[in-house]
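Everything below concerns the one structure shown next.
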Amino acid sequence: MKVNYHTHTRRCLHANGTEADYADAAMRCGLAELGFSDHAPFPDHDFGWRMTYQELDDYLAAVRAEKQRCAGHLTIYSGLEAEYLPQYKSYYQTLLSQKLDYLVLGEHNYISASGEICSIYNAKSTADFLDYAACLAEGMQTGFFRIIAHPDIMFLRPFAWDSNCTKACKIILDAARAASVILEYNANGIRKGKSSFPDGERYAYPHERFWKMVESTDIPVLAGSDCHQPEQMWDDSMKQAVRTLQSMNVNLTASLK
Ligand SMILES: [Zn+2]
Ligand SMILES: [Zn+2]
C-alpha cells in the first residue's frame, strides 16, 4: 500500500501547490492514504517559513474539502508538522482534540539545557545534539506525536561522527521505542543529494549509521515524501526511500493507524 503522511502546501511560503494539487498528485500516483502535514503555526511565536496562525482554519477547511472530494478514492488525514516546545502542551492538546487527525514531530527548533529556543541548523558541535535529542525525547513522551519526521536531521551539521552522536541516537531510539511512535525515513533529504562531510560523501539525512541502529530495534518506520512540490509526491527520491527501507531489517509499518 502506498501512503505518505508528510506533505506541505504553498501556505508555508517555501512550497508550491494547493491542497487540491497534492491530493490530485496522490491519486495520480496511486496512493491509498495521504496525510497533510504543513508546518505548524504557533499562536504567539513566528518561527518563519510557515502559514500564519490566522491561516490555520483556512488550511484545515481546505483539507476537509479534499477529504470529501476524494472520498472513495483516497483516504486523507489532516495534520501538522510541529516542533515540540514544552510551553505549547495545551496547544497540541487543543489541536488534536478539536482540529487534527495527527501531529508529526518535526523538531527544527528545540529548547537547549539553558532554556533558549535554538535551531538545529545552527548546532555548534555534537554536544548540542545531546540537548536536541533530550528535547525530541521529551516530545515523544508527551504522546502528542504519531510520526517523528527526519529523526536524524541533526546530521546536516558538518561534524564527524563521535560518541555524542551515538549517545544522541540512543536517546532518540529509546524514547521512540517507549512512546511507540513511527520514525520517518525522509525522502526530502535524498532529494537534496549527497555532499561532502567530515565523515565522507553522504546525504545530510537520512544518515546510514542512525538507520543501522534502528535495524536492531522493532520501532515502526515508514518513508515520508516531505514533498514541497506536487510532482515530488512519489518521485525517484521517495521510491529510493521506500526501496532502502525494504532492503533493511526494520519494522516497516503499513499505515498511520
Ligand atoms: Zn518545509
Ligand atoms: Zn516537512
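In our numbering, the protein residues as written are 38 to 294. In this text, a Cβ means the ideal position worked out from N, Cα and C, and glycines have one as well. Computed from a predicted model, the values in this text were never measured in an experiment.
Hey, is residue i close to ligand 2, as in C-beta under 6 Å from one of its heavy atoms?
| i | result |
| --- | --- |
| D189 | no |
| D263 | yes |
| E153 | no |
| E118 | yes |
Among the options, which has the Cα closest to the Cα of residue i?
| i | options | result |
| --- | --- | --- |
| G143 | N225, C66, T281 | N225 |
| H51 | A119, T281, W86 | W86 |
| A150 | F166, Y158, L137 | F166 |
| L220 | L259, R228, E238 | L259 |
| H244 | A171, A278, D273 | A278 |
| E103 | G230, F181, M64, M88 | M64 |
| Y114 | F196, T131, D75, Q283 | D75 |
| A60 | L111, K204, Y96 | L111 |
| L293 | Y139, F196, T55 | Y139 |
| C172 | A212, M88, A197 | A212 |
Assuming residue i and residue j are in contact, meaning their beta carbons sit under 8 Å apart, how far apart are those beta carbons, in whole angstroms?
| i | j | result |
| --- | --- | --- |
| N146 | F234 | Actually they are not in contact, since the Cβ atoms of N146 and F234 sit about 23 Å apart, beyond 8 Å. |
| G261 | N53 | G261 to N53, Cβ: 18 Å. No contact. |
| M285 | W248 | 7 Å |
| T281 | Y222 | 7 Å |
Is residue i a contact residue of ligand 3, with contact defined as CB to any heavy atom under 6 Å?
| i | result |
| --- | --- |
| G72 | Annotation note on ligand 3: not contained in the displayed structure, which lists ligand 1 and ligand 2 as its ligands. |
Is residue i near ligand 1, going by C-beta to nearest heavy atom under 6 Å?
| i | result |
| --- | --- |
| H145 | no |
| H45 | yes |
Quick check on DSSP: helix, strand or coil for residue i?
| i | result |
| --- | --- |
| E70 | strand |
| G261 | strand |
| K249 | helix |
| D273 | helix |
| D75 | strand |
| T290 | coil |
| R65 | helix |
| A170 | helix |
Between the C-alpha atoms of residue i and residue j, what's the straight-line distance to the nearest angstrom?
| i | j | result |
| --- | --- | --- |
| I227 | D94 | 32 Å |
| I208 | L71 | 30 Å |
| A62 | Y90 | 27 Å |
| C66 | R183 | 24 Å |
| D263 | L133 | 21 Å |
| F73 | G116 | 5 Å |
| S266 | K229 | Checking the displayed sequence, the identity of residue 266 turns out to be Gln instead of Ser. Rounded to the nearest angstrom, the two C-alpha atoms are 13 Å apart. |
| R246 | I190 | 13 Å |
| G109 | A215 | 35 Å |
| D255 | A291 | 14 Å |
| V287 | S253 | 8 Å |
| L137 | A98 | 11 Å |
| G303 | E118 | In the structure as shown, the chain starts at 38 and stops at 294, and residue 303 therefore has no counterpart that could be examined. |
| A160 | Y128 | 27 Å |
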